[in-house]
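K.L.:
All residue numbers for the sequence shown refer to this note's numbering, where the first residue is 2 and numbers rise by one.
Note that beta-carbon positions come from the ideal geometry of N, C-alpha and C, so glycine has one too.
It should be emphasised that the depicted structure is a prediction, and the values quoted were computed from it without experimental measurement.
Quick one: the structure is below, and I'll ask about it shortly.
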Amino acid sequence: MFTLEKEKIRPIISIDLNEHEEQWAACLKQHNEPILFLKKDEEILSYIQMKDVPLSETSSLSNIFQEKAVPMTNVSKLNNTISVPVLFQIIGEPFALVIDDQGEPSGYIKREDVLALLFKQEPHGSVDLLKVILTSIPMGIFVVDREKKIINFNESGLRMTKLTSEDVSGKPADSIFHGEHIHQVFASGQTILNQIQITDTMGVLVDYSPIFDFHNEVEGIIIIVQDLPMVEDMAMEIEHIKNLNKDLNAILSTIYDEILVVNHKGELLRYSETFLSDFWGVELKELTGKNLLDLEGEGLFTPSVTRLVLEQKKKVSIVQETKRNKRILAVGNPIFDENGHIDRIIIASRDITETTKLKSELREVKKQSDQYKQELERIKNKDRFFNRLIYCSPNMEQIMEHVTKISHFSSTVLITGESGVGKELIAQAIHQSGSRANQPFLKLNCGAIPENLLESELFGYSKGSFTGADKNGKEGYFQKADKGILFLDEIGEMPVSLQVKLLRVLQEQEVVPIGSTTPIPINVQIVAATNKKLEKMVQEGTFREDLYYRLNVIPIHVPPLRERPKDIPLLAYHFLQRLNEKYNKNYHFTPDALNLLEVYSWPGNIRELQNMIERLAVSADHPALDADFVKQFLSFTSNFNKEKPVFKNVMPLQEAQDYIEEQLILLAMKQYKTTTKAAKALGISQSSVSRKYQKIMNDRQAKYGEVSF
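Rendered as structure tokens:
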């Protein structure tokens, strides 16, 4: 260590960058120091050597300062004493700042003055300094002069070459190292690196580097020696690292996800070859070193997985939304150091925009598929009963749609309608198209079984219940139909005494056989049917009111055939086709015959129609069944007499006459097709029918738009 002399410490001359250039120029003219310091807000930021500052009036000092100023980053700060490590630092810069006891700069000292003080205070300082430098370097060092002789060396060099100082000092360099390399460095002034030299006594890696004088001529050579085993270890380690890096890059290149490596500040360090260009909007190399937290603030994406990992200090998985409506699945994994602090964050990102879109589309397709499946099932169920349930009228379409809906529930259904309208087929449709299709469907006609037997048929009995009973007992219809449907036809015929027991079954969902006191739980859906008006029977006291309301949960009224004339031709064709197939015939209806069947009231409904078609087929002499033939079997007169017009409210006589006349003319035209035949049937002239019919059609055209007849 040695002490600084105060007279060698030079004053700090500085200019404030906040001042104007005129004040800078005035300051420069007043002082003659070699170093000028630039400060701002009382802090020294940089320095400039005065030899680089031209003092001509045409020069812009701000441009010169900006171009020539050197930051104070590497400038040493000294107190009154200097140690050897500090000396090493001083050698790299032209000066060093001198700090007072308060830690504030009090001046500066030039590098030459420091070295001069070293030589002045330590006569052998230069030699000792050189030895310290050489000894401190872990590699072998040999200094060769212009005569190509070794003039200095360090202990590391002797150890690596297995030589002594007597073997080296003052000896020709080419006696130890390659003379050709030494000659080439002196001749070209270029450095020769990584030369392997192996002899019987040593194996080293040698670098030859020229030493230039002030005239840029080669004045000597520094030979740097590294022990080959150490170099081999380093090379192997480097090769191992290169292989690991190659493997890592290969692995990352095969990963579908984008991989980012972020430091604890949120700055992007590295990224994989697979990256989401559409997500970032720029190349990732442009974002290297930038803070990803700032990108969230700019609205590039939200939320930031980096921020969430730093806040929660655990693995985080999120879906990010971008400005471009991209959806990115990002997974952030924290990597902790030995102190438990986050050192790195590994982020794996995947574009799931298309996946999300496909999932939504798949969900919609599945929903649509389910709808199609339900629709197909409905059509299949409809086809399944097409041979028995024939219809095309809107009111029957509505009933069958209602049947499809209620078939998936276990609610009690009450089917009403005239005799022969097909109530049993409706009950079977409920069973076949519903959730109980694979379970029993049992039918019991309450009016066809004597009262004393009806109870045992419905509820069953235990053994020994009465004389003549089966010794093992018998299950009733309720037990046999468990989990299925029990169709109780003609429910209006059930005796009042049994109505109480039926009500209990509906309420409690359990049945008590005759002769037993133990209730048996059942799961049966009840579908009842009747052609009677139960409301009127309730008023008359022949049907229990509470049972009526218990049965009438889901009412279905099947309209008579006269209220759905569109179904008549379809049913007639169906019944006739069955007869043709059965008897190998080829009967068919003419259009006028179908029209005639359609206007008939059919008081016996579908059953009467079916019987009539069979009668026509048996009686026919020709395959074509026309209107004249069919008319022989239909009693229109008696039918019309039974169904005379009935008015429930008083109206003007002329209006009533016009209404009846319109209905008769339309009916006649529909049945007979021509005005001549219609006039004959109505007993009026053909011209009257033509005129009145044309007026009716014109009125309907004006009122309802296009009318087809």
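Given a threshold of 16 other Cβ atoms within 10 Å of its Cβ, counted over all protein chains shown, does Met104 qualify as buried or as exposed?
P.N.:
As a first step, residue 104 is located in the sequence shown; it is residue number 103 there, counting from the start. Per the sequence presented here, residue 104 reads as Gly, with Met not at that position. It counts as exposed.
K.L.:
With a threshold of 8 Å, are at least 3 pairs of Cβ atoms found where one atom belongs to the segment 571-583 and the other to the segment 430-441?
P.N.:
No, they do not touch.
K.L.:
Going by C-alpha distance, which of Leu269, Asn264 and Ser361 is nearest Ile343?
P.N.:
If you number the sequence shown from 1, residue 343 lands on position 342. Answer by Cα proximity: Asn264.
K.L.:
To the nearest angstrom, report how far apart Pro304 and Lys360 are at their CA atoms.
P.N.:
Taking the first residue of the sequence shown as 1, we reach residue 304 at position 303. Taking the first residue of the sequence shown as 1, we reach residue 360 at position 359. Straight-line Cα distance between these residues: approximately 23 Å.
K.L.:
Near Ser61, what residues of its chain come up, given a Cβ to Cβ distance below 6 Å and the 5 sequence neighbours on each side ignored?
P.N.:
Locating residue 61 in the sequence shown gives position 60, where the first residue counts as 1. Excluding positions up to five away in sequence, the list is empty.
K.L.:
Please state the DSSP three-state secondary structure of Val76.
P.N.:
What you label residue 76 is simply residue 75 of the sequence shown in a count that begins at 1. DSSP places Val76 in coil when its eight states are reduced to three.
K.L.:
Considering only their Cβ atoms, is the gap separating Leu229 from Asp208 smaller than 9 Å?
P.N.:
By 1-based counting over the sequence shown, the position of residue 208 is 207. By 1-based counting over the sequence shown, the position of residue 229 is 228. Not closer than 9 Å, so no.
K.L.:
Please report the straight-line C-alpha distance between Phe590 and Gly474, rounded to a whole angstrom.
P.N.:
Your numbering for residue 590 matches position 589 in the sequence shown. Your numbering for residue 474 matches position 473 in the sequence shown. Roughly 55 Å between the two C-alpha positions.
K.L.:
Just confirm the distance between the C-beta atoms of Ala573 and Ile607, as a whole number of angstroms; I'd bet it's less than 8 Å.
P.N.:
In the sequence shown, counting from the first residue as 1, residue 573 sits at position 572. In the sequence shown, counting from the first residue as 1, residue 607 sits at position 606. Rounded, the Cβ-Cβ distance is 10 Å, inconsistent with contact.
K.L.:
Which residue comes first and which comes last in the alpha helix (DSSP H) that contains Val539?
P.N.:
Within the sequence shown, residue 539 is the residue found at index 538, counting from 1. Note, Val539: alpha helix (DSSP H), Leu535 to Glu541.
K.L.:
In whole angstroms, give me the CA-to-CA distance for Glu181 and Glu240.
P.N.:
Within the sequence shown, numbered from 1, the residue matching residue 181 stands at position 180. Within the sequence shown, numbered from 1, the residue matching residue 240 stands at position 239. The alpha-carbon atoms of Glu181 and Glu240 are separated by roughly 30 Å.
K.L.:
For Tyr601, tell me which candidate among Lys69, Gln633 and Leu159 has the shortest Cα-Cα distance.
P.N.:
On the sequence shown, position 600 is the one that residue 601 refers to. Nearest option by C-alpha distance: Gln633.
K.L.:
Please state whether the Cβ-Cβ distance between Leu415 and Asn553 is less than 9 Å.
P.N.:
As a first step, residue 415 must be located in the sequence shown, where it is residue number 414. As a first step, residue 553 must be located in the sequence shown, where it is residue number 552. Yes, they are a contact pair.
K.L.:
Can you list the beta strand (DSSP E) stretches of 3 or more residues lying completely in the segment 151-212, in chain order?
P.N.:
Runs found: 151-154 and 193-199.
K.L.:
Compute the Euclidean distance between the alpha carbons of Met397 and Ala680, then round it to the nearest angstrom.
P.N.:
The residue given as residue 397 occupies position 396 in the sequence shown. The residue given as residue 680 occupies position 679 in the sequence shown. One C-alpha to the other measures close to 34 Å.
K.L.:
With distance defined between alpha-carbon atoms, name the residue in Leu309, Ile199 and Leu270 nearest to Gly290.
P.N.:
Counted from its first residue, the sequence shown places residue 290 at position 289. When each option's Cα is compared against that of Gly290, the closest is Leu270.
K.L.:
Excluding sequence positions up to five away, which residues of its chain have a Cβ less than 6 Å from the Cβ of Met161?
P.N.:
Numbered from its first residue, the sequence shown carries residue 161 at position 160. Around Met161: Gly141, Val205, Val226 and Asp228.
K.L.:
Who are Thr711's beta bridge partners in DSSP?
P.N.:
In the structure as shown, the chain begins at 2 and stops at 710. Residue 711 is therefore absent and cannot be evaluated.
K.L.:
Looking at the structure shown, is Val525 part of a helix, part of a strand, or coil, going by DSSP?
P.N.:
One-based indexing of the sequence shown puts residue 525 at position 524. Looking at Val525 - three-state DSSP - the assignment turns out to be coil, as it is neither helix nor strand.
K.L.:
Mapping the DSSP letters down to three states, classify Phe38 as helix, strand or coil.
P.N.:
Counting from 1 along the sequence shown, the entry for residue 38 is found at position 37. Looking at Phe38 - three-state DSSP - the assignment turns out to be strand.
K.L.:
Compare the Cα-Cα distances from Ile252 to each of Ser273, Pro335 and Lys172 and report the closest residue.
P.N.:
For the purposes of this step, residue 252 is taken as the residue at position 251 of the sequence shown. Per the Cα distances, Ser273.
K.L.:
Do you know offhand how far Ile183's Cα is from Ile223's?
P.N.:
As a position in the sequence shown, residue 183 is number 182, starting the count at 1. As a position in the sequence shown, residue 223 is number 222, starting the count at 1. Those two C-alpha atoms are separated by around 10 Å.
K.L.:
Assign Cys447 to one of two classes, buried (16 or more other C-beta atoms within 10 Å of its C-beta) or exposed (fewer than that).
P.N.:
For the purposes of this step, residue 447 is identified with residue 446 of the sequence shown, where counting begins at 1. Buried.
K.L.:
Where do the N-terminal and C-terminal ends of the beta strand (DSSP E) with Ser350 fall, by residue?
P.N.:
Here residue 350 corresponds to residue number 349 of the sequence shown, with the count starting at 1. Per DSSP, Ser350 belongs to the beta strand (DSSP E) from Ile343 to Asp352.
K.L.:
Per the DSSP calculation, Ser47 is bridged to which residue(s)?
P.N.:
For the purposes of this step, residue 47 is taken as residue 46 along the sequence shown, with counting starting at 1. DSSP lists Leu39 and Pro72 as partners of Ser47.
K.L.:
Distance check for Val631 and Glu555, CA to CA, integer angstroms please.
P.N.:
Numbered from 1 along the sequence shown, position 554 holds the residue referred to as residue 555. Numbered from 1 along the sequence shown, position 630 holds the residue referred to as residue 631. Sequence check: residue 555 is Ile here, not Glu. Roughly 40 Å separates the two Cα atoms.
K.L.:
How long is the line joining the alpha carbons of Leu245 and Glu238, rounded to whole angstroms?
P.N.:
Mapped onto the sequence shown, residue 245 falls at position 244. Mapped onto the sequence shown, residue 238 falls at position 237. If I take the Cα positions, the gap works out to 10 Å.
K.L.:
On a Cα-Cα basis, can you pick out the residue from Ser189, Gly190, Gln191 and Asn153 that is closest to Ala174?
P.N.:
If you number the sequence shown from 1, residue 174 lands on position 173. Checking every option, the nearest Cα to that of Ala174 belongs to Asn153.
K.L.:
Take the Cβ of Gln672 as the centre, count every other Cβ of all protein chains shown within 10 Å, and call the residue buried at 16 or more, exposed below.
P.N.:
Counting from one through the sequence shown, the residue named residue 672 turns up at place 671. So Gln672 ends up on the buried side.
K.L.:
By the 10 Å Cβ neighbour count, where 16 or more other Cβ atoms means buried, how is Phe337 classified, buried or exposed?
P.N.:
Here residue 337 refers to the residue found at position 336 of the sequence shown. The residue is exposed, with fewer than 16 neighbouring Cβ atoms inside 10 Å.
K.L.:
Exposed or buried, His558, counting other C-beta atoms within 10 Å across all chains shown (16 or more means buried)?
P.N.:
Residue 558 sits at position 557 when you count from the first residue of the sequence shown. Exposed.
K.L.:
Which residue wins for smallest C-alpha separation from Leu5, given the options Ala70, Leu46, Phe460 and Val99?
P.N.:
Position 4 of the sequence shown holds residue 5. Answer by Cα proximity: Val99.
K.L.:
Quick check on this structure: which residue in Ser688, Ala529 and Ile260 has the alpha carbon closest to the alpha carbon of Thr417?
P.N.:
By one-based count along the sequence shown, residue 417 stands at place 416. Minimum Cα distance to Thr417 is reached at Ala529.
K.L.:
Classify Phe213 as buried or exposed, calling it buried when 16 or more other Cβ atoms lie within 10 Å of its own Cβ.
P.N.:
The sequence position of residue 213 within the sequence shown is 212, counting from 1. Exposed, by the Cβ-count rule.
K.L.:
Could you check how far apart the C-beta atoms of Asp490 and Val525 are, in whole angstroms? I think they sit under 8 Å.
P.N.:
One-based indexing of the sequence shown puts residue 490 at position 489. One-based indexing of the sequence shown puts residue 525 at position 524. The Cβ separation is near 16 Å, so there is no contact.
K.L.:
Could you tell me which uninterrupted beta strand (DSSP E) segments, each at least 3 residues in length, are contained entirely in the segment 457-526, listed from first to last along the chain?
P.N.:
Runs of the beta strand (DSSP E) inside the segment 457-526: 486-490.
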